[in-house]
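Each residue of the sequence shown is one higher than the one before, counting from 7 in the numbering used here.
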Amino acid sequence: MALVGKVGRREEVVAACLGAQALGIRPGMAATHARALVSDLDFRPAEPEADAALLDRLALLAVRRWSPTAAVTPNDGLWIDLTGCEHLHGGEDRFCRRLRQFCRRAGFTARVAVADTPGAAHALARYGREGLIRVEPGKTAEALAPLPIASLRLSATAQAAARKFGFERIADLLPVARGPLARRLGLPAIERLDQALGAVAEPITPREDAEVPFVERRLLEPIGSAEAIEQVIGDLLGDLAQVLQERGLGARSLRLTGLRVDGGEQVVAIGTSRPTRDVSHLLRLLKLRIDRIDPGMGLEQFWLLAPHTEPLDAVDLGAVLAGNTMVRDPSRLVDVIAGRIGPSAVFRIAPVESHVPERAVAQVDANEQPGEWPAWQRPIRLFARPEPLFNVLALLPDQPPRRFEWRGKRYTIVGGDGPERVHGEWWRRDAETWAVRDYYRVEDEEGGRYWVFRRGDGFQDNTGDLSWWIHGVFG
């Protein structure tokens with residue numbers, strides 16, 4: 007199939023499926039040439055208005071479901087700003103997988119790129135080799151280097167000039183000074199390059215949802231101090247909380263936009279782990295973002311939106327009145343810490359049903375309530391992988407070690423408790439069918455307490471090689 011539309015005064019192929027491309031049909035080809043080349047191909051008229059409407063609906067869906075900042079990229083894609091909200095979707099990797107699954111279910115063939123800048127993501131999604139590309143922070147230039155010049159969204163004139171001077175890939179542009187490059191390609195081309203590399207900000211006009219709770223404040227005089235901005239934010243939050251309460255909603259994300267007197271916009275966003283309309287809590291989170299606002303010559307207008315909301319009912323106080331103890335909600339603490347060090351650094355350890363210690367714990371969302379912990383004592387610090395012990399002195403078959411060397415230091419043990427026998431999980435792999443570990447809690451002469459184990463039961467050779475390992479420390 008190929009879509010035909012008017013470009014200027016002539017009809018051209020504006021899109022072609024993979025099968026059509028295999029037959030030699032290319033976007034930009036004259037429609038008459040394409041029909042003559044493959045006469046029995048399914049040619050249909052392009053509907054740019056319908057395409058634009060569909061992209062707009064997808065952008066609105068993205069605002070409501072994934073991120074407060076999403077916009078259409080002409081003419082076939084979306085920008086989704088994940089800053090500050092990727093933790094709400096389980097991280098970038100999980101979000102990208104879910105996004106591609108959504109596109110497949112909806113019947114779209116999608117390419118996803120995650121990068122530091124909108125320009126880089128745009129280029130990689132359209133000209134990268136993989137269907138899913140994630141660029142590590144700070145490696146944008148390295149990722150863009152092999153891409154063709156066309157990936158920078160240059161004008162036809164700039165692309166022709168680039169070919170004339172021998173510039174084929176972005177790597178050819180990077181070592182050239184900006185002055186000579188601007189004289190050859192023009193200032194707009196340099197701006198596109200700098201936007202892709204992050205040297206120049208690229209503003210995105212997000213899709214606004216008419217149903218999104220929204221308040222604004224116009225000021226009589228521009229303001230620029232952090233104290234004045236904080237005061238305005240507090241007033242806006244009070245108004246927004248009232249709107250949310252009337253609708254029975256709580257905010258999961260907020261976006262604050264400040265309009266400068268020179269026409270520039272300053273945007274900061276926050277996310278919460280649970281829906282809330284508590285003004286003091288939201289103000290505390292937004293205060294952490296004030297230092298990111300550049301007021302310039304002053305800010306004269308503010309907007310505060312809650313793009314992502316969820317139903318929020320009143321708290322049931324019946325248990326408290328009856329004298330029962332309510333479980334404290336950690337979400338406020340989680341939000342504050344996540345605002346300072348990043349949401350990926352805040353998590354909770356929860357038990358997992360497994361006999362093997364390194365498999366018996368997992369990182370979960372900090373707001374999840376952990377299950378029941380086993381009664382067995384476990385060390386405060388459990389190593390990700392057991393570390394070997396050397397020159398161990400111990401009596402077989404079931405006595406704790408009396409002496410061992412670990413990390414180049416000798417330890418003399420004065421007390422021990424055990425063994426606690428742990429069998430391998432045979433259903434995972436054959437090597438664990440007969441595997442045995444005997445764990446001991448031991449204390450050295452300086453008061454240090456360690457969790458060590460021996461591979462094997464001391465009788466059967468197939469249960470282990472009788473080597474000693476340390477798996478954690480108690481304090």
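For each residue, glycine too, the CB sits at the ideal point set by N, CA and C.
Which of the three DSSP states is assigned to residue i in this structure?
i: Ala325; result: Its pLDDT being 49, under 50, Ala325 is placed unreliably by the model, and the measurement read from it follows with that caveat. In the structure shown, Ala325 sits in a helix (DSSP, three-state: H, G or I).
i: His477; result: strand
i: Gly83; result: strand
i: Phe108; result: helix
i: Leu246; result: helix
i: Val118; result: strand
i: Arg159; result: coil
i: Pro212; result: coil
i: Gln375; result: coil
i: Asp450; result: strand
i: Pro194; result: helix
i: Leu61; result: helix
i: Pro186; result: helix
i: Lys415; result: strand
i: Gln369; result: strand
i: Glu227; result: strand
i: Thr89; result: coil
i: Gln237; result: helix
When the Cα atoms are used, what is the spatial distance from residue i to residue j?
i: Val326; j: Pro124; result: Bear in mind that the predicted position of Val326 carries a pLDDT of just 49, short of 50, making it unreliable; the figure below should be weighed with that in mind. Rounded to the nearest angstrom, the two C-alpha atoms are 49 Å apart.
i: Glu306; j: Ala68; result: 29 Å
i: Pro2; j: Gln251; result: With the chain running from 7 to 481 in the structure shown, residue 2 is simply not present.
i: Thr75; j: Arg213; result: 7 Å
i: Arg290; j: Glu236; result: 10 Å
i: Lys145; j: Asp48; result: 43 Å
i: Leu225; j: Leu60; result: 37 Å
i: Glu359; j: Leu150; result: 45 Å
i: Glu222; j: Phe308; result: 6 Å
i: Ala168; j: Val10; result: 29 Å
i: Thr282; j: Pro407; result: 54 Å
i: Pro186; j: Ser157; result: 21 Å
i: Ala437; j: Val479; result: 27 Å
i: Leu255; j: Asp284; result: 11 Å
i: Ala183; j: Ser231; result: 38 Å
i: Leu294; j: Ser473; result: 51 Å
Tell me residue i's beta-bridge partners as DSSP assigns them.
i: Ser259; result: Gly277 and His314
i: Pro51; result: Val10
i: His429; result: Val442
i: Tyr133; result: BP columns for Tyr133 are empty, so no partner.
i: Val221; result: Leu310
Excluding sequence positions up to five away, which residues of its chain have a Cβ less than 8 Å from the Cβ of residue i?
i: Ala390; result: Glu364
i: Gly470; result: Ala441, Val442, Arg443, Arg460, Arg461, Gly462 and Asp463
i: Ala77; result: Ala65, Leu84, Trp85, Ile210, Thr211, Pro212 and Arg213
i: Cys102; result: Val118, Val120, Leu138 and Arg140
Here's a check: name, in chain order, each residue in its chain whose Cβ is nearer than 7 Å to the Cβ of residue i, leaving out the five neighbours to either side.
i: Val218; result: Leu311, Ala312 and Pro313
i: Asp215; result: Leu66, Val69, Arg70 and Pro313
i: Ala368; result: Ala356 and Val358
i: Leu265; result: Glu271, Leu305, Glu306 and Gln307
Here's a check: name, in chain order, each residue in its chain whose Cβ is nearer than 6 Å to the Cβ of residue i, leaving out the five neighbours to either side.
i: Pro349; result: His93
i: Gln466; result: none
i: Glu451; result: Thr418 and Val420
i: Ala275; result: Pro74, Gly90 and Arg261
i: Gly277; result: Gly90, Cys91, Leu94 and Ser259
request  = Report yes or no: do three or more beta-carbon pairs, one from the region 174–184 and one from the region 30–46, lie closer than 8 Å?
outcome  = no
ask   = Is the region 100–116 touching the region 132–145, taking contact as three or more C-beta pairs under 8 Å?
value = yes
key: the region 125–132 / the region 191–204 touching (three or more Cβ pairs under 8 Å)   = yes
inquiry  = Would you call the region 429–440 in contact with the region 390–410, where contact means no fewer than 3 C-beta pairs closer than 8 Å?
reply    = The region 429–440 is not in contact with the region 390–410.
task = Answer yes if the region 158–167 comes into contact with the region 178–195, meaning at least three C-beta pairs across the two stretches below 8 Å, and no otherwise.
result = yes
request  = Check whether the region 340–358 touches the region 252–264, taking contact to mean three or more Cβ pairs, one atom from each stretch, closer than 8 Å.
outcome  = no
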